[in-house]
Each structure stands twice: as structure tokens, then as C-alpha cells.
Amino acid sequence: MVGRIFLVLVLIAGGAAAYVYAPRYLTPQTTKTVTIWLEEVLTPKPSAEEKVAVVAQPPVASPVPEPIPVEPEQKPEPPEPPEPDPAPAVVEPEPPAPKEMPTEIVKVKAPTTPPIPVNSFSGDLVTSMEGWELETIASGNVDEILIDGTNDGSGSHKLGTRPLTNNDVLKIKGWAGNTALGMRMHHVLISMCQKVIAHAPVMDRRPDIAEKVHPNLVLSGWTAWVAAAHLPRCETPEIRFWAAGAFAPVLSPVNGWRRMDLPSADIEPEKTFYTDGVPLMPENLPQPISVVLNISGGKANLHHCADLNCRVIGSRTMGRHLAFIADRAQDWALVQFRDTSGWLAQSSFKVEKE
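For what it's worth, the working numbering labels the leading residue of the sequence shown as 18, then goes sequentially.
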């Protein structure tokens, strides 16, 4: 092996000298031949052992090339949907041209309030004074007349302190009864322009009248509510008051009448009124019925009131007497005879015909 290397070196040296000193003798073909010869000489020849080892060695598999990463195919994104066409703009109609304002003022009626209860009548329920027998001796008195538009006692004014309107209600209070014998009255009638416009029951307690006037007139008070719109109009608008008993169409005056200053009837009230009742007619009151009283046990005294302690104002002898009973109070009867009247104890007589 060493000798071979030496030989190669000699040849290289000789070749170099030949290349330097005899360039004209070296042709391209000669140079190619020498080059091939040198490659064969210089390439080492394997030994017998190496040849055996090469034959016995299994073939080396050629390396498998790593797969070239393939990028996934990117699908194109779907195109975005086209934007919808904008909705057509809503064109509101132009408001109509304003109408010309009316030149006249339109009056709107104010909302009405709930109907107010009163004792007065209107329209066909107003009756005439005809048919009533009028007395001249007074049997009662009017205490006060108030203007009370609320009908509950608040904000009252005495009549005459301010002008009256058709929305007002008159609150009238008083008492009624026979002052001589204490015969109780049942109704008070109110009239104006010769017409009966209202009536009220006599039923309020009046202990002051029982003390000052007559002991039997404890229940002699009365209260009437009269709507100003119900008052009739005439040349002499005087409001008057009358007391009616349980029998006969006889009216006794009640002191307290007065002349009224009324508003115009053309102005309609904003309030409404109603009456829960019917007019009191003369024919509605029964006639007194004559009875025969049989007095026994001696004479019977007539008293000023329904009490033994009351003053004796007359007497009747034992026997049968024609009379009529005007009133009753507990165990007493107010008896009217042909010439006198008074309270008799019911234990002193018997009624034979009634």
C-alpha cells in the first residue's frame, strides 16, 4: 500500500515536470487518459474480507423522505349575503290645515252633581191653595231661614245676607202646635204665589217649646229643605207657612212669612233636586169623626195638658156627651166638645161610638 502511494507521488511529480517542460507533448486527449488512469490507481481496492463483509451486510434501505406537509385546501368563504334594500321611508301625510276658529263662544254645561234631596216640588206637583180652610190664630213659628247650598249645614248664611241663586237650598226650621191645648200638628205646608210648594213632617224634639209653650208639644219641631229653583215667580213673591193637624182640611198660620228677592227664572241651575214624596192634598186628611163619650163616676175634669198636675180648665158631668178626639198622649185624650176642649184621662170615660 505504501509502495503504491509512493508510486503515485512519483507519477504526480513526473507529470508536473512534463507539464512544465514539455507542454507541447500534452494534448487534451493525453491529459484525459492520464486523469482516468490516476483515478483508477488512486481509488483503493477493497480486500477479500471487506468484500465478504459488504456481501453479508443487508442492504440499507434508503431513507423514506418525510412527507411534505400539504396545507389543507382552503375553501373559499361563502360570499356575504347582500344587504337588503332599505325600507322605503314612511311619508306621513301632512296634517290638514287648521280650520278657522269659530267666532262664537261655545258654552259647555258644567258637569252636574248628584241630585240633592229637598221637600219642595216643581212642575205638576205644585198644587193650589184652593180647598184648604184657613184659620187666623197662629199655631207655631219659624225660627230661621238659612241659605245652605250644600244641604249639610256647612257654609250656611242667613237669608238676606247675600243674593239668592237658583243653585241654593233654603233650610227652614221652626215649630208648630196648638198653643192653647197643646194639640200637635202633623205637617207644615209652605206656599208662595197662592201655590203649595212644599211640606214637611212635624216630628223634631223641642223640649224648649214644651217648657215655654205647652207640655204636650215636645215633638213639635220641623225642618224643611226648599230649592230656590222651585220657588214660583209672581208680583208678590211672599213665602208663607201653615200648620195642618191630623183631621180636617184646616190650616193654621205659622208666624214667620217674608217677601223673597228671587233670581231670574231664566237662569237654569247647575244642580239637580229631587223630592221623595207626594203633595199633601186637602182630601188626603180625614174629617173628624164624632163620638159619644160615656163619663162615669161623677164629673170628669178637663186639664190643660196630659197630666193630673196640669191646670184644670173645665169639667164634664157624668153621662153621655157628643165630642171628637183630636189627639192622644199615653193614657190621655184631647177631647173637643161643642163649647170647650181639654185633656181627659181615658180611665174616666168610655167611647160608645167612634
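Note that CB positions come from ideal geometry on N, CA and C, so glycine has one too.
Here the structure is a predicted model, which means the values were calculated and not measured.
For residue 258 versus residue 312, is the C-beta distance shorter than 7 Å? As a working mapping, residue 258 is identified with position 241 in the sequence shown. As a working mapping, residue 312 is identified with position 295 in the sequence shown. In this structure, residue 312 does not lie closer than 7 Å to residue 258 by Cβ.
Spatial neighbours of residue 293 within its chain, please: C-beta separation below 7 Å, excluding the five flanking residues on both sides. Reading the sequence shown from its first residue, position 276 is the one you call residue 293. Cβ within range, chain order: 134.
May I have the straight-line CA-CA distance separating residue 244 from residue 211, to the nearest angstrom? As a first step, residue 244 must be located in the sequence shown, where it is residue number 227. As a first step, residue 211 must be located in the sequence shown, where it is residue number 194. Residue 244 and residue 211: Cα-Cα distance of roughly 17 Å.
Work out the CA separation of residue 152 and residue 183 for me, nearest whole Å. On the sequence shown, residue 183 is found 166 positions in, with the first residue counted as 1. On the sequence shown, residue 152 is found 135 positions in, with the first residue counted as 1. Cα to Cα, residue 183 sits roughly 32 Å from residue 152.
Could you give the distance in angstroms between the alpha-carbon of residue 265 and the alpha-carbon of residue 150? Taking the first residue of the sequence shown as position 1, residue 265 is located at position 248. Taking the first residue of the sequence shown as position 1, residue 150 is located at position 133. Spanning the two alpha carbons is a distance of roughly 9 Å.
Local conformation of residue 174 per DSSP, three classes: Here residue 174 refers to the residue found at position 157 of the sequence shown. Residue 174: strand per DSSP, three-state reduction.
Exposure of residue 231, with buried meaning 16 or more beta-carbon neighbours within 10 Å: To locate residue 231, count along the sequence shown from 1; it is residue 214. Buried, because 16 or more other Cβ atoms sit within 10 Å of the Cβ of residue 231.
Taking residue 226 as part of the beta strand (DSSP E), name the residues at either end of that continuous run. Here residue 226 refers to the residue found at position 209 when the sequence shown is read from its first residue. From DSSP, residue 226 is part of no beta strand (DSSP E) but of the alpha helix (DSSP H) over 224-229.
Local conformation of residue 338 per DSSP, three classes: Indexing the sequence shown from 1 puts residue 338 at position 321. Here residue 338 sits in strand by DSSP.
Between the CA atoms of residue 333 and residue 318 - distance to the nearest angstrom: As a first step, residue 318 must be located in the sequence shown, where it is residue number 301. As a first step, residue 333 must be located in the sequence shown, where it is residue number 316. Straight-line Cα distance between these residues: approximately 6 Å.
Between the alpha carbons of residue 148 and residue 267, how many angstroms are there, rounded? In the sequence shown, counting from the first residue as 1, residue 148 sits at position 131. In the sequence shown, counting from the first residue as 1, residue 267 sits at position 250. Approximately 9 Å, taken between the alpha carbons.
With a floor of 3 residues, list each beta strand (DSSP E) that falls wholly inside the region 198-256, ordered by position along the chain. 204-209, 212-218, 238-244
Measure how close the beta-carbons of residue 359 and residue 331 come, nearest whole angstrom, since I'm counting them as under 8 Å. Indexing the sequence shown from 1 puts residue 359 at position 342. Indexing the sequence shown from 1 puts residue 331 at position 314. Their Cβ separation, rounded to whole angstroms, is 5 Å, which keeps residue 359 and residue 331 in contact under 8 Å.
Using C-beta distances below 7 Å, list every residue in its chain close to residue 256, excluding the 5 sequence neighbours before and after it, in chain order. Taking the first residue of the sequence shown as 1, we reach residue 256 at position 239. Here the set comprises 207, 209, 274, 275, 277.
Under 7 Å between the Cβ atoms of residue 272 and residue 158? For the purposes of this step, residue 272 is taken as the residue at position 255 of the sequence shown. For the purposes of this step, residue 158 is taken as the residue at position 141 of the sequence shown. Cβ distance < 7 Å, so residue 272 and residue 158 count as in contact.
Taking the alpha-carbon positions, what's the residue 190 to residue 214 distance? Looking up residue 190 in the sequence shown gives position 173. Looking up residue 214 in the sequence shown gives position 197. The alpha-carbon atoms of residue 190 and residue 214 are separated by roughly 16 Å.
Residue 301 in three-state terms, based on DSSP: Mapped onto the sequence shown, residue 301 falls at position 284. The answer is helix: DSSP assigns residue 301 an H, G or I state.
What are the boundary residues of the beta strand (DSSP E) that includes residue 188? As a first step, residue 188 is located in the sequence shown; it is residue number 171 there, counting from the start. It spans 186-193 - the beta strand (DSSP E) in which residue 188 sits, taken as one unbroken run.
Spell out the partners DSSP gives residue 312 in its beta bridges. Here residue 312 refers to the residue found at position 295 of the sequence shown. Partner(s): 336, 366.
Given a cut-off of 7 Å, decide if residue 340 and residue 310 are closer than it, judged by their beta-carbon atoms. Locating residue 310 in the sequence shown gives position 293, where the first residue counts as 1. Locating residue 340 in the sequence shown gives position 323, where the first residue counts as 1. Closer than 7 Å, so yes.
Confirm, please, whether the CB-CB distance from residue 261 to residue 241 is below 7 Å. Against the sequence shown, residue 241 aligns to sequence position 224. Against the sequence shown, residue 261 aligns to sequence position 244. No; because the gap between Cβ atoms is not below 7 Å, this pair is not in contact.
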